[in-house]
Amino acid sequence: PIFNELLGSHCGLPIVIVCILRTVSVPPTVTASQASFSVDLVAITCHVQRFYPQSVHLTWTENCHTFEGAEQLTSKQNSDGTYTLESSHLVNVSGQESERVLTCKVQHEAQPPIQANLILSRAAHSTYKPMESLGPQMPVLIFVAFLLGFKVLLVMSFIVTYICRRRNL
């Protein structure tokens with residue numbers, strides 16, 4: 017009844033809009049990334065972006081074997097109505113000698129699976145060095161540098177004033 021009042025003679029239009037929205041399907045964009053977590057651990061993440069409707073099935077595999085225990089976050093809705101999802105997993109690379117190919121496979125609706133491959137190499141992670149966070153120290157260092165600069169400027173101005181007065185300039 018509300019739609020009939022709003023649309024007047026186009027009373028069949030809302031039903032068509034609802035039917036179209038139910039049949040729209042936007043396939044996801046799937047990418048995979050890695051980051052050194054520690055010397056022996058690598059965090060791998062599968063990024064599933066801009067898909068609709070919300071339902072997707074994600075699996076991590078290596079040599080056709082499914083990984084267990086991957087953290088799968090709930091999907092989040094984007095401002096355009098599509099959804100985004102990330103799945104992360106920690107991989108131990110300590111005993112790894114050769115490259116490993118990991119695959120993130122995403123099944124969405126009745127479409128063929130979309131996958132992203134990630135190549136883990138032991139050599140790429142053997143040079144891991146944890147970065148030290150400057151954290152709250154950085155503002156303190158800037159403040160100290162500012163104070164030192166101000167003091168030097170103040171001393172220089174006193175010296176110039178003293179010299180000018182001595183010479184009666």
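Numbers in my numbering are just positions in the sequence shown, counted from 1, shifted up by 16.
Where is the CB? At the ideal position from N, CA and C, for every residue including glycine.
Spatial neighbours of residue i within its chain, please: C-beta separation below 6 Å, excluding the five flanking residues on both sides.
i	result
A51	A59
F155	The question names Phe, yet the displayed sequence has Pro at residue 155. Answer for P155: no residue qualifies.
E115	I135 and S137
Q93	Y99
A48	C62, C120, A132 and L134
Looking at residue j and residue i, is the spacing between their C-beta atoms short of 8 Å?
i	j	result
D56	V117	no
T100	Q65	yes
E87	H63	no
V72	C120	no
Q112	S91	no
Going by other Cβ atoms of all chains shown within 10 Å of its Cβ, with 16 needed for buried, is residue i buried or exposed?
i	result
S103	buried
F166	exposed
P128	exposed
V107	buried
L163	exposed
L89	exposed
Let's see if you can read the secondary structure: which residues bound the beta strand (DSSP E) around residue i?
i	result
S49	T45 to S52
L89	Taken as a continuous stretch (DSSP letters only), L89 belongs to no beta strand (DSSP E), as it is neither H nor E.
A59	L57 to F67
N108	Y99 to N108
R116	R116 to H124
E78	V72 to E78
N133	I130 to L136
Can you list, in chain order, the residues of its chain whose CB lies under 8 Å from that of residue i, leaving out five sequence neighbours each side?
i	result
Y68	V40, S41, V42, G97, T98 and Y99
E78	R116, V117, L118 and T119
CB-CB under 7 Å to residue i, same chain, minus the five flanking residues each way: which ones, in chain order?
i	result
P44	V64, Q65, R66, F67, V72, V122, H124 and I130
Y178	none
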